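Student: I have a structure I would like to understand better, so I am pasting it below and will then ask my questions one at a time.
Residue numbers (this note's numbering), protein chains in the order written: chain A, 37 to 454; chain B, 8 to 177.
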């Protein structure tokens, strides 16, 4: 039977026999990625032998540099683990980044393979045609030992993209458009394709794939087309094209006309059926603006923020926090002058970390505060006090809102090239 | 020894789309599990950890456990919760429940069908819930046997110890 993208990948990783939605398959895992928090309470220190040290990476990201003694202990254990098991792909502080950014930079996710990581935003690697999803720490511990896991082949919602993405429109806006219009996707895969995909660069695909977790999708997956393979040419030159089969059966096919997608904002609480055009909430006062995370801490996001902020000042009464997603991006943004533009405009630029996105450190909200964020989640209490409110938007929308001190439409900012 | 997949206890009823960050707040991730459990539902029902008793059953609505991979199941277990029942679980959340040995059963329409405080009997392997207060039985979706077996074994960790992959703790 013709395969959807996710069925094709799971079939390939589980021996090649036919699969259909609902089937449970046991897969070989090509790459398993561990992160710092797992060393806090998991039993990684008791692992007798890893299945293959060349198929494991360790990334320091959530709580770095350590904001507490407990986190410092996790870091010590992570270093000991990498040394004890001969894991060369160890991304320690100074050579680190948010796990999903590191996966992208290092070419750890290749089309048609299965990637495992505890973190819920592991679906980010679906931008590269990998079957990747959050698995939880106990299961990742098992995979470290055995190199295998199970997946249930999900039914797929296909998003057929038409038209062309406007330069001010980010992957975040496309995702919020989809989440607002179509709601949750629990137990399903999201597959993106269609002629409009040629106008969606890898950075936007990664944002969209990352955010698939927010509608409860099991997987989000993109084809390995020319744009993807070109992107992988340096890190995974052996990667080959991956497309769904003609005639594959979908739970639904939904057409998204990119010409019609404009800057979007999700209201506090959830993105599910809760997002609309920025004009709906324009004028809302913001205390904190945040650009960062695995979704929108990419180099292009910092470039956008710098372009919007250059020659402006962050409004009095508003603070802007920018967190590059990796050390590599931090260095590139420094060389290219983006960091200077941001800092001179009054932004606080932090070291790479998951920090503010999950309300752990470097940008925690107080009761009554309002934040507009380009990160991954807007749950009540996500970024600090349960009595804070978190709106979600693209880096351009967050940057212009920081200048104005209220939620604003970037298209109204004069003199900034899109 | 009692079967962990057969649970009888008092119901706590939560709504739709209860997320992991509410169940296990970011700030609580700094704390040992026993302390973190005291902060469950900080954003929506902060008094609950002081009210729940060992053996109680938590009932949720749609998309229960949307969000992060943080091991919320450990906190429920810490408080002695006997089982989770929901109309639909987030699949990452459900994997964590199974893998940490917390019985979980999907029962369509259940959040609107039982009242808080009702005594429930949940048979996870058979996929059946009985509301002992009303005598009504609700059909659920049984887990595949290999997942029920993991719960019965107490989760993946004891299995990894038994298979020699993990050094047992003393």
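All C-beta atoms, glycine included, are put in the ideal place defined by N, C-alpha and C.
Only a predicted model underlies this, so the values are computations on that prediction, with no experimental measurement involved.
Could you tell me the alpha carbon to alpha carbon distance between residue 210 (chain A) and residue 222 (chain A), rounded to whole angstroms?
Tutor: So the alpha carbons of these two residues sit roughly 19 Å apart.
Student: Can you find a CB in chain A that lies within less than 9 Å of the CB of residue 162 (chain B)?
Tutor: Answer yes: the Cβ-Cβ gap between residue 162 (chain B) and chain A drops below 9 Å somewhere.
Student: What's the gap between the Cα of residue 51 (chain A) and the Cα of residue 241 (chain A)?
Tutor: About 28 Å.
Student: By a C-beta neighbour count over all protein chains shown, 10 Å radius and 16 as the cutoff for buried, is residue 146 (chain A) buried or exposed?
Tutor: So residue 146 (chain A) ends up on the buried side.
Student: As a quick exercise: from A:181, A:256 and A:202, pick the residue whose alpha carbon is nearest that of residue 40 (chain A).
Tutor: Nearest option by C-alpha distance: A:256.
Student: Would you mind stating whether residue 128 (chain A) and residue 174 (chain B) have Cβ atoms separated by less than 9 Å?
Tutor: Not in contact: residue 128 (chain A) and residue 174 (chain B) (Cβ atoms no closer than 9 Å).
Student: Since I believe residue 71 (chain B) is in contact with residue 102 (chain B) (beta carbons under 8 Å), could you give me their beta-carbon distance rounded to a whole number of angstroms?
Tutor: Not really, about 13 Å apart at Cβ, beyond 8 Å.
Student: Given residue 431 (chain A), which residues of its chain have a CB within under 6 Å of its CB, disregarding the five upstream and five downstream residues?
Tutor: Contacts found: 327, 332, 337, 340, 341 and 410.
Student: Out of A:437, A:330 and A:380, which has the shortest C-alpha to C-alpha gap to residue 412 (chain A)?
Tutor: Of A:437, A:330 and A:380, the residue nearest in Cα terms is A:330.
Student: When you check each C-beta in the segment 340–359 of chain A against every C-beta of chain B, which residues fall closer than 8 Å?
Tutor: Correct list: empty, as no residue qualifies.
Student: Using a Cβ-Cβ cut-off of less than 9 Å, give me the residues of the segment 19–38 of chain B that come near chain A, in sequence order.
Tutor: Answer set for the segment 19–38 of chain B: 24, 26, 27, 28, 29, 32, 33, 34, 36, 37 and 38.
Student: Rounded C-beta distance between residue 421 (chain A) and residue 401 (chain A)? I'm assuming under 8 Å.
Tutor: Indeed they touch by this definition, with Cβ atoms about 6 Å apart.
Student: Mind checking if residue 63 (chain A) is an interface residue toward chain B, Cβ cutoff 9 Å exclusive?
Tutor: Judged by the 9 Å Cβ criterion, residue 63 (chain A) is not in contact with chain B.
Student: Quick check: the Cα distance between residue 36 (chain B) and residue 108 (chain A), rounded to an integer number of angstroms?
Tutor: Taking the straight line from one Cα to the other gives about 14 Å.
Student: With a CB to CB cut of under 6 Å and the five nearest residues on each side skipped, what residues in its chain are close to residue 438 (chain A)?
Tutor: Same-chain partners within the cutoff: 325, 350, 354 and 356.
Student: Looking at the unbroken beta strand (DSSP E) that takes in residue 293 (chain A), where does it start and where does it end?
Tutor: Per DSSP, residue 293 (chain A) belongs to the beta strand (DSSP E) from 288–293.
Student: Taking the alpha carbon of residue 111 (chain B) as the reference point, which residue from B:84, B:121, B:45 and B:144 has its own alpha carbon closest?
Tutor: Comparing Cα positions, the closest option is B:84.
Student: Excluding five sequence neighbours on each side, which residues of the same chain lie with their C-beta closer than 8 Å to the C-beta of residue 50 (chain B)?
Tutor: So the qualifying residues of the chain are 28, 29 and 32.
Student: Considering Cα atoms alone, identify which of B:34, B:65, B:9 and B:155 is closest to residue 126 (chain B).
Tutor: Among B:34, B:65, B:9 and B:155, the Cα nearest to that of residue 126 (chain B) is on B:65.
Student: What does the Cβ neighbour count give for residue 321 (chain A), buried or exposed, with the cut at 16 atoms within 10 Å?
Tutor: Exposed, since its Cβ has fewer than 16 Cβ neighbours within 10 Å.
Student: Can you find the residues in the same chain that come closer than 8 Å, C-beta to C-beta, to residue 415 (chain A), ignoring five residues on each side of it along the sequence?
Tutor: These residues qualify, in order along the chain: 305, 306 and 426.
Student: Let me check one thing: in DSSP terms, what residues is residue 26 (chain B) bridge-paired to?
Tutor: Beta-bridge pairing links residue 26 (chain B) to B:73.
Student: Find the residues of chain A that neighbour residue 49 (chain B), judging by a C-beta separation of less than 9 Å, and give them in chain order.
Tutor: Under the 9 Å cutoff, chain A gives 417 and 422.
Student: Below 8 Å on the Cβ atoms is my guess for residue 317 (chain A) versus residue 303 (chain A); work out the distance and round it to an integer in Å.
Tutor: Correct: roughly 7 Å between the Cβ atoms.
Student: Which term fits residue 203 (chain A), buried or exposed, when burial requires 16 or more other beta carbons within 10 angstroms of its beta carbon?
Tutor: Exposed, because fewer than 16 other Cβ atoms sit within 10 Å of the Cβ of residue 203 (chain A).
Student: So with Cβ pairs under 9 Å, would you call residue 67 (chain B) a contact of chain A?
Tutor: Chain A contact via Cβ: absent.
Student: Examine the Cβ distances between the segment 130–138 of chain A and the segment 386–403 of chain A and report whether three or more of them are shorter than 8 Å.
Tutor: The segment 130–138 of chain A, when compared against the segment 386–403 of chain A, does touch it at the 8 Å Cβ threshold.
Student: Which of the three DSSP states is assigned to residue 44 (chain A) in this structure?
Tutor: Residue state, collapsed to three classes: helix.
Student: Select from the segment 79–102 of chain B all residues with a C-beta closer than 9 Å to any C-beta belonging to chain A, and list them in chain order.
Tutor: So the close ones are 80, 81, 95, 96, 97, 98, 99, 100 and 102.
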